[in-house]
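Number of protein chains: 2
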Amino acid sequence: MPHAKAKPAINTRIQARNKELILEAALEVFSVSGFRGATVDQIAARADMSKPNLLYYFRRKEDIYVALLEHTLSDWLEPLRALDPAGDPLAELSRYITAKMQMSEANPMASRLFANEILHGAPMIEKFLKGPLKQLVAEKAEVIRFWMANGKLAHADPYHLIFAIWAVTQHYADFSVQVEAVLGRRENGRSAQKAVLDILLRGLRPRQP
Amino acid sequence: MPHAKAKPAINTRIQARNKELILEAALEVFSVSGFRGATVDQIAARADMSKPNLLYYFRRKEDIYVALLEHTLSDWLEPLRALDPAGDPLAELSRYITAKMQMSEANPMASRLFANEILHGAPMIEKFLKGPLKQLVAEKAEVIRFWMANGKLAHADPYHLIFAIWAVTQHYADFSVQVEAVLGRRENGRSAQKAVLDILLRGLRPRQP
DNA sequence: GTCTATAATATGATAGAC
DNA sequence: GTCTATCATATTATAGAC
Chain A
5 MPHAKAKPAI NTRIQARNKE LILEAALEVF SVSGFRGATV DQIAARADMS
55 KPNLLYYFRR KEDIYVALLE HTLSDWLEPL RALDPAGDPL AELSRYITAK
105 MQMSEANPMA SRLFANEILH GAPMIEKFLK GPLKQLVAEK AEVIRFWMAN
155 GKLAHADPYH LIFAIWAVTQ HYADFSVQVE AVLGRRENGR SAQKAVLDIL
205 LRGLRPRQP
Chain B
5 MPHAKAKPAI NTRIQARNKE LILEAALEVF SVSGFRGATV DQIAARADMS
55 KPNLLYYFRR KEDIYVALLE HTLSDWLEPL RALDPAGDPL AELSRYITAK
105 MQMSEANPMA SRLFANEILH GAPMIEKFLK GPLKQLVAEK AEVIRFWMAN
155 GKLAHADPYH LIFAIWAVTQ HYADFSVQVE AVLGRRENGR SAQKAVLDIL
205 LRGLRPRQP
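Respectively, the protein sequence lines represent chains A and B.
Sequential numbering from 5 applies to the first sequence in this note's numbering.
Sequential numbering from 5 applies to the second sequence in this note's numbering.
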């Protein structure tokens, strides 16, 4: 009998599909309960899978969590990356803020996942914060500073401006329970968007156009 | 022998002291790990107390958590309560923002405790959000609207303005890990305060003074 | 690849001596 | 009031049949 090859990667499609299902379920569970609050049981149940089967795809609970963070970290930065030095400053910032508000509305669970991770000291993504994120923000802060120096934008600290944009836009995802409790209703995405743009950008119009 | 009285409350001072110690330790642990992430062991260790002894003062872990939230909920609202309809609008808002920034800096752990509770759906303080908090915000939004109607403040949605103030000021406590990673240093309270006041209030100066 | 059963551990909570 | 010892349970993770 000719040498039987070591088993090749069969059913890669099923594997990919199941990994997707697990990550999807895990996002729902982790974003509600945090890393420690979530149990593998809950994730398995939501993914319609037995616990051992789930642990066949991801050996440890932590592996699912890390995969989930990595899976979305890059998307998260895309709108900031898109800030174009050659564009009109107010239009660029407006586009950025709108994109962040839409991300908060479309995927509040991802926002809460990150919020939770950072709130707890960012043990898993510390390197990302101090590396790629710091690097990108430095670059874009320079762009904003350049706009201000050229009189196209009123002066303000670029770093704190970026923090303010993050804080306000993510607030609607992370603290939606509070927002809805205070307003007494489910927040309307569009009206919040309009109000936020107004509050954050009005003060940035240059003095002498 | 005359009838011995049922034991009176002896050592109430020690009890009060120990409860204080426990709450102090619990704040540190819960604010880092959240309700589920925190263990009674950790809290007891940090309070220099045995676990059973701690559970003599608070029968269940949840009791400590609730006591902690109630213990600080009221303080949390004080600066907003102090917003004075008779005062100068920009000065009042400036004072409010500054007070919130100082609270974030002085007690980031309390801020994170609330952030965590709300992030996870606010199971313990839902009534507080829909009751006293909603009530107070409605009242103060009315004050802001009144200022705007009288031309003392540029127009903006009062509710979303309050949300923006909360979001930005609490960001420095809740996401301090990220802020410090991006800035590459520990944030200076005073410069952040100045920048935040500038970003949030500049757009609110009335058009025709 | 998927399951049942179970090991190994962590943790909330209690009993009972002192 | 405080301690040591321990129970009961929940949960991560693995073994091994199918």
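Don't be surprised by glycine CBs; every beta carbon is placed ideally from N, CA and C.
### Task
Compute the Euclidean distance between the alpha carbons of residue 193 of chain A and residue 105 of chain A, then round it to the nearest angstrom.
8 Å
### Task
Below 7 Å CB to CB, which residues in the same chain sit around residue 48 of chain B once its five sequence neighbours on both sides are set aside?
54, 55 and 58
### Query
Quick one, which residues of the segment 111-129 of chain A are near chain B if we go by CB-CB under 7 Å, in chain order?
116, 119, 120, 122, 123, 124, 125 and 126
### Query
With DSSP run on the structure shown, which of helix, strand or coil describes residue 5 of chain A?
Residue placement at residue 5 of chain A cannot be trusted, given a pLDDT of 40 that sits under 50; what the coordinates show is reported in the next sentence. Looking at residue 5 of chain A - three-state DSSP - the assignment turns out to be coil, as it is neither helix nor strand.
### the segment 78-91 of chain B in contact with the segment 140-147 of chain A per 3-pair CB rule at 8 Å
no
### Task
Have a look at residue 41 of chain A and residue 153 of chain B and give me their C-alpha separation to the nearest angstrom.
47 Å
### Message
What would DSSP say about residue 157 of chain B, mapped onto helix, strand or coil?
### Response
coil
#### Entry: CB contact below 8 Å: residue 160 of chain B versus chain A
yes
### Query
Rounded to a whole number of angstroms, what is the C-alpha to C-alpha distance between residue 191 of chain A and residue 94 of chain A?
26 Å
### Task
Verify whether the separation of the beta carbon atoms of residue 21 of chain A and residue 32 of chain A is less than 8 Å.
no
### Message
Can you pull the chain A neighbours of residue 133 of chain B, defined as C-beta to C-beta under 8 Å?
### Response
181, 182, 185 and 186
### Euclidean distance between Cα positions of residue 203 of chain A and residue 91 of chain B
22 Å
### Message
Give me, in chain order, the residues of the same chain whose beta-carbon lies closer than 7 Å to that of residue 29 of chain B; leave out the 5 immediate sequence neighbours on both sides.
### Response
47, 50 and 51
#### Entry: Those runs of the beta strand (DSSP E) which lie wholly inside the segment 158-212 of chain A and span at least 3 residues
none
### Query
Is the segment 129-138 of chain A close to the segment 123-133 of chain B, with three or more CB pairs under 8 Å?
no
#### Entry: Proximity below 8 Å, CB of residue 68 of chain A to CB of residue 200 of chain A
no
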